[in-house]
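Input: a single structure, listed below in structure tokens.
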Amino acid sequence: MRDNKKTSILIIYTGGTIGMVQDQETGALKPFRFDNILEEVPELRKFGFNLTSFAFNPPLDSSNINPAAWIKVAEIIEQNYGSFDGFIVLHGTDTMAYSASALSFMLENLSKPVIFTGSQLPIGSLRTDGKENLISSVEIAAAFKNGEPVVPEVGIYFENSLYRGNRTSKNNTEDFNAFMSGNYPPLAESGVHIRYNHSVIRSPGKKLPLVVHKQLDNNLAILKLFPGISRTVVESTLGIPGLRAVILETFGAGNAPEEDWFISAVSHALQSGIIVMNVTQCKTGSVEMGVYETSRMLAATGVISGRDMTTEAAVTKLMHLTGVSRDISWISGQLAVSLRGEMTV
Ligand code: ASP
Numbered sequence: 014m015r016d017n018k019k020t021s022i023l024i025i026y027t028g029g030t031i032g033m034v035q036d037q038e039t040g041a042l043k044p045f046r047f048d049n050i051l052e053e054v055p056e057l058r059k060f061g062f063n064l065t066s067f068a069f070n071p072p073l074d075s076s077n078i079n080p081a082a083w084i085k086v087a088e089i090i091e092q093n094y095g096s097f098d099g100f101i102v103l104h105g106t107d108t109m110a111y112s113a114s115a116l117s118f119m120l121e122n123l124s125k126p127v128i129f130t131g132s133q134l135p136i137g138s139l140r141t142d143g144k145e146n147l148i149s150s151v152e153i154a155a156a157f158k159n160g161e162p163v164v165p166e167v168g169i170y171f172e173n174s175l176y177r178g179n180r181t182s183k184n185n186t187e188d189f190n191a192f193m194s195g196n197y198p199p200l201a202e203s204g205v206h207i208r209y210n211h212s213v214i215r216s217p218g219k220k221l222p223l224v225v226h227k228q229l230d231n232n233l234a235i236l237k238l239f240p241g242i243s244r245t246v247v248e249s250t251l252g253i254p255g256l257r258a259v260i261l262e263t264f265g266a267g268n269a270p271e272e273d274w275f276i277s278a279v280s281h282a283l284q285s286g287i288i289v290m291n292v293t294q295c296k297t298g299s300v301e302m303g304v305y306e307t308s309r310m311l312a313a314t315g316v317i318s319g320r321d322m323t324t325e326a327a328v329t330k331l332m333h334l335t336g337v338s339r340d341i342s343w344i345s346g347q348l349a350v351s352l353r354g355e356m357t358v
């Protein structure tokens with residue numbers, strides 16, 4: 014850790030369960046005033062850091078998070094980038110993986126920690142998981158080694174594990190352990206000590222100025238396949254006016270029905286300039302088009318492999334790329350490479 018007096022962390026509270034306390038009269042959960050965070054979590058004072066907070070007003074349940082909220086978070090980080098060593102984003106768990114993925118693409122050349130966290134129980138409740146999540150996130154965001162931040166990337170810290178944000182999915186509505194990263198190891202795990210897995214943490218390389226991308230195009234759809242999916246559903250989805258990209262959520266290693274009407278609906282979409290990307294419905298493993306006959310046809314039509322990307326990363330990567338460009342061959346090139354460690358290439 015650096016000289017404690019100088020370490021400064023900005024906590025951005027977007028909303029979600031973590032920021033709730035029980036009203037003493039009614040017993041109902043209500044957001045607490047985030048400028049009072051040190052009163053709610055006095056343990057934070059022991060770090061001796063300069064902790065500053067910014068709260069969304071009104072706080073958002075994360076089901077109401079949208080690209081405008083991502084832009085707001087990105088702008089707060091941009092405006093304060095030079096003044097803080099690290100950033101914590103407190104966020105509802107429901108869409109946290111989308112937001113962390115989005116921010117990873119929006120913040121190009123990031124060289125400081127941006128750690129998302131939240132909780133399953135409000136910070137004001139006795140058995141809360143929020144305190145440990147927040148305290149450990151602050152410790153991670155403030156961690157330095159040889160004068161450099163240990164985790165210079167967008168992460169999600171939850172219940173003892175720090176994951177790369179764009180590799181994470183919410184997989185449990187009940188357990189404190191609510192997230193998983195099926196295709197990438199944890200960046201750190203906390204027990205008595207926080208153990209960093211240095212070899213899997215991204216290095217910013219040559220330090221370039223932060224570039225904040227604020228153009229996001231939400232003209233995309235997810236078409237989740239299931240046995241018996243009707244021609245009408247497939248053709249209607251692929252025929253949505255103005256659609257720029259479709260994520261085909263396929264079976265297993267990227268497989269889909271072989272019926273002629275299905276293949277021709279997909280190739281028609283591709284010919285009309287819609288980007289079609291193949292992402293598996295499985296939480297672990299990768300799309301490998303061509304292993305089975307049921308995916309060879311997709312590859313032959315020009316569908317792009319999403320490899321081992323999560324749906325959350327695929328959605329936000331496409332929003333980002335279609336937001337910054339209309340050039341399909343450039344976008345396809347960017348989809349084939351890993352921009353922020355979101356897929357294994
Ligand atoms: N519905 C809440 C949200 O995502 C749940 C949570 O905070 O965990 O905002």
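To convert a position in the sequence shown, counted from 1, into our numbering, add 13. The C-beta atom is built at its ideal place from N, Cα and C for all residues, glycine as well.
Exercise. Three-state secondary structure (DSSP) at L147?
Worked result: For the purposes of this step, residue 147 is taken as residue 134 along the sequence shown, with counting starting at 1. If DSSP states are grouped into helix, strand and coil, L147 belongs with the helices.
Exercise. Is the beta carbon of D188 within less than 7 angstroms of some heavy atom of the ligand ASP?
Worked result: Residue numbering aside, residue 188 sits at position 175 when the sequence shown is read from its first letter. In this structure, D188 has its beta carbon at no less than 7 angstroms from each heavy atom of the ligand ASP.
For this session: Using only the heavy atoms of the ligand ASP, determine whether one of them is closer than 7 angstroms to the beta carbon of T357.
Result: Looking up residue 357 in the sequence shown gives position 344. Incorrect: T357 has no Cβ contact closer than 7 angstroms to the ligand ASP.
Exercise. By a C-beta neighbour count over all protein chains shown, 10 Å radius and 16 as the cutoff for buried, is M14 buried or exposed?
Worked result: In the sequence shown, residue 14 corresponds to position 1, counting from 1. With a pLDDT of 49 at M14, under the threshold of 50, the modelled position of that residue is not reliable, and the figure given next carries that caveat. Classification for M14: exposed.
For this session: Specify, as a first and last residue, the run of the beta strand (DSSP E) that Q35 falls within.
Result: Walking along the sequence shown from the start, residue 35 turns up at place 22. Start and end: 33 to 35.
Problem set entry | C-beta atoms of L23 and F67 nearer than 8 angstroms | As a first step, residue 23 is located in the sequence shown; it is residue number 10 there, counting from the start. As a first step, residue 67 is located in the sequence shown; it is residue number 54 there, counting from the start. For L23 and F67, yes; Cβs fall inside 8 angstroms.
Problem set entry | Nearest neighbour of V350, chosen from F118, G99, V213 [CA to CA] | Residue 350 sits at position 337 when you count from the first residue of the sequence shown. Of F118, G99, V213, the residue nearest in Cα terms is F118.
For this session: Note down the Cα distance separating F47 from S308, rounded to an integer number of angstroms.
Result: Numbered from 1 along the sequence shown, position 34 holds the residue referred to as residue 47. Numbered from 1 along the sequence shown, position 295 holds the residue referred to as residue 308. Approximately 50 angstroms, taken between the alpha carbons.
For this session: Give the straight-line distance between the Cα atoms of A110 and G178, rounded to the nearest whole angstrom.
Result: To locate residue 110, count along the sequence shown from 1; it is residue 97. To locate residue 178, count along the sequence shown from 1; it is residue 165. Computed Cα separation, rounded: 6 angstroms.
Problem set entry | Between the CA atoms of N190 and V202 - distance to the nearest angstrom | As a first step, residue 202 must be located in the sequence shown, where it is residue number 189. As a first step, residue 190 must be located in the sequence shown, where it is residue number 177. A small fix is needed here, since residue 202 is Glu in this sequence, not Val. When the Cα atoms are used, E202 and N190 turn out to be separated by approximately 13 angstroms.
Problem set entry | Every unbroken beta strand (DSSP E) inside the region 36 to 104 [3 residues or more] | 42 to 44, 63 to 68, 99 to 103, all fully within the region 36 to 104.
Problem set entry | Nearest neighbour of L334, chosen from R353, L73, D321 [CA to CA] | Residue 334 sits at position 321 when you count from the first residue of the sequence shown. Minimum Cα distance to L334 is reached at R353.
Exercise. Among L221, N159, H206, Y197, which has the Cα closest to the Cα of V213?
Worked result: Counting from 1 along the sequence shown, the entry for residue 213 is found at position 200. Comparing Cα positions, the closest option is Y197.
Exercise. How would you call T108, buried or exposed, if buried means at least 16 neighbouring beta carbons within 10 angstroms?
Worked result: For the purposes of this step, residue 108 is taken as residue 95 along the sequence shown, with counting starting at 1. Flag for T108 reads buried.
Exercise. Looking at C-beta atoms only, is the number of pairs between the region 155 to 164 and the region 117 to 137 that lie closer than 8 angstroms three or more?
Worked result: The region 155 to 164 is in contact with the region 117 to 137.
For this session: Just the C-alpha distance for L311 and K43, rounded to the nearest angstrom, thanks.
Result: As a first step, residue 311 is located in the sequence shown; it is residue number 298 there, counting from the start. As a first step, residue 43 is located in the sequence shown; it is residue number 30 there, counting from the start. Computed Cα separation, rounded: 49 angstroms.
Problem set entry | Extent of the continuous alpha helix (DSSP H) to which T307 belongs | Taking the first residue of the sequence shown as position 1, residue 307 is located at position 294. According to the DSSP assignment, T307 belongs to the alpha helix (DSSP H) that extends over 306 to 314.
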